[in-house]
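Worksheet: one structure, shown below.
In our numbering, the protein residues as written are 3 to 422.
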């Protein structure tokens with residue numbers, strides 16, 4: 003079975019695409035997978051909401067208690083600072099000839115954290131968007147198409163290029179590659195493609211240090227946007243009881259009442275934000291999108307209008323709201339959190355509320371913290387930027403990063419709750 007490729011995390015190990023006739027196998031695609039202990043993608047152990055020092059722009063006091071780990075990786079940066087000062091390394095001798103004659107490679111397992119799962123078609127010829135003839139006879143491609151027959155999945159297509167060449171040409175090339183893949187899909191599957199477009203120029207599948215890296219970046223990803231499963235009808239006998247609410251561990255009666263109130267308001271916040279975004283997506287197609295939603299999307303996530311970023315934010319609020327509604331989680335009330343207001347451990351299923359910092363705050367603030375933490379808990383957001391302290395602020399993050407920032411969801415939901 004082919005190893006699973008995690009975008010953004012393979013370049014430093016050096017990626018080697020084996021050029022085997024007929025693409026019968028791509029064994030050892032990523033050299034690092036032969037040494038998994040060196041290349042396991044780690045996620046931060048602790049996700050936090052906000053701390054006292056963050057309110058004044060200072061960093062959270064987390065070095066002492068937060069185990070080290072790389073940040074959550076999404077796409078890799080196409081241009082990386084190097085000792086040689088070369089933004090994009092020169093092509094090696096014979097690289098162009100190899101790219102032209104090498105077979106196209108189909109990878110059936112691709113994960114881009116923050117973007118989704120899918121598949122990758124790699125090794126387009128340099129500067130070209132044409133599909134190489136061998137793809138149609140590649141067993142993994144055939145199996146992929148066969149497996150999609152009759153299901154109800156939906157996909158989006160994203161084209162990539164390596165870092166060489168002018169940005170304008172690569173922008174067009176990325177879009178052309180995406181459309182080239184769209185054109186070779188069977189008609190039934192083509193109707194289930196939500197979009198076909200080039201990735202932003204600063205986004206690559208991996209870095210561009212080696213010919214193997216660049217081969218992988220000359221590619222097109224098909225990313226899953228929606229899955230629907232028809233479950234066989236089954237008769238269930240017995241009584242199913244809906245949980246009465248989340249559990250509250252180590253919470254004194256007064257604190258329990260506060261957290262329960264914040265949880266209830268947070269649930270409404272997330273639900274109201276989700277409904278507003280769904281309506282915005284529908285209205286935006288006719289250029290009637292809500293100005294408030296547009297303003298809050300710009301403030302909280304750095305973009306406006308429909309597209310993959312909006313889908314990602316809606317998916318984040320969907321997971322958050324569904325988790326709130328499930329009531330299948332646990333709050334823990336803490337006293338001394340060294341200035342933090344709340345935190346979530348990835349490996350433990352509970353949300354820690356730091357009551358010494360929160361008891362004196364208003365209900366809207368506490369509910370916002372609950373939304374912030376629930377995005378960590380349900381969606382895997384990170385703490386990339388803190389900027390909400392009771393009034394709207396504009397994110398400095400690129401939308402690719404802002405859609406994974408917990409405070410963006412907290413500020414959007416809080417402001418929409420107040421003004422929507």
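The C-beta atom is built at its ideal place from N, Cα and C for all residues, glycine as well.
Everything numeric in this text was worked out from a predicted model, so none of it was measured.
| Check | Outcome |
| --- | --- |
| C-alpha gap between residue 209 and residue 216, whole angstroms | 8 Å |
| Collapsed DSSP secondary structure at residue 119 in the structure displayed | strand |
| Helix, strand or coil at residue 354 [DSSP, three-state] | strand |
| Helix, strand or coil at residue 161 according to DSSP, with G and I counted as helix | strand |
| Beta-carbon spacing of residue 179, residue 222 below 8 Å | yes |
| Classification of residue 401 by the beta-carbon crowding that lies within 10 angstroms, buried from 16 upward | buried |
| Distance CB(residue 302)-CB(residue 163) smaller than 8 Å | no |
| Member of 269, 337 and 366 whose CA lies at the smallest distance from the CA of residue 252 | 337 |
| Nearest-angstrom Cα separation, counted from residue 185 out to residue 131 | 12 Å |
| Inter-residue Cα distance where the pair is residue 272 and residue 322 | 7 Å |
| Helix, strand or coil at residue 222 according to DSSP, with G and I counted as helix | strand |
| Cβ separation of residue 280 and residue 335, assumed to be a contact under 8 Å, to the nearest whole Å | In fact, because the Cβ distance is near 34 Å, the residues do not count as touching under 8 Å. |
| For residue 275 and residue 422, the rounded distance between their alpha carbons | 9 Å |
| Residue range of the alpha helix (DSSP H) that includes residue 347 | Unbroken run through residue 347 is the beta strand (DSSP E), 344–347; no alpha helix (DSSP H). |
| Secondary structure, alpha helix (DSSP H): runs of 4+ residues fully inside the segment 182–223 | 189–192 and 213–219 |
| For residue 133 and residue 211, the rounded distance between their alpha carbons | 25 Å |
| Cβ contact (3+ pairs, closer than 8 Å) linking the segment 147–165 and the segment 255–268 | no |
| Simplified DSSP state of residue 405, which is helix, strand or coil | coil |
| Beta-carbon separation (whole angstroms), residue 143 vs residue 108, contact threshold 8 Å | 4 Å |
| DSSP state of residue 227 mapped onto helix, strand, coil | strand |
| Alpha-carbon spacing of residue 313 relative to residue 304, whole angstroms | 14 Å |
| Three-state class that DSSP yields for residue 388 in the structure shown | coil |
| Cβ distance (whole Å) where residue 278 is taken to contact residue 418 below 8 Å | 6 Å |
| Cβ separation of residue 247 and residue 329, assumed to be a contact under 8 Å, to the nearest whole Å | 5 Å |
| Endpoints, alpha helix (DSSP H) assigned at residue 81 | No alpha helix (DSSP H) contains residue 81, which DSSP labels as neither H nor E. |
| Limits of the beta strand (DSSP E) - the one that residue 333 falls within | 332–336 |
| Inter-residue spacing [alpha-carbon to alpha-carbon] between residue 224 and residue 118 | 10 Å |
| From 105, 123 and 339, residue whose alpha carbon lies closest to that of residue 111 | 123 |
| Three-state class that DSSP yields for residue 154 in the structure shown | coil |
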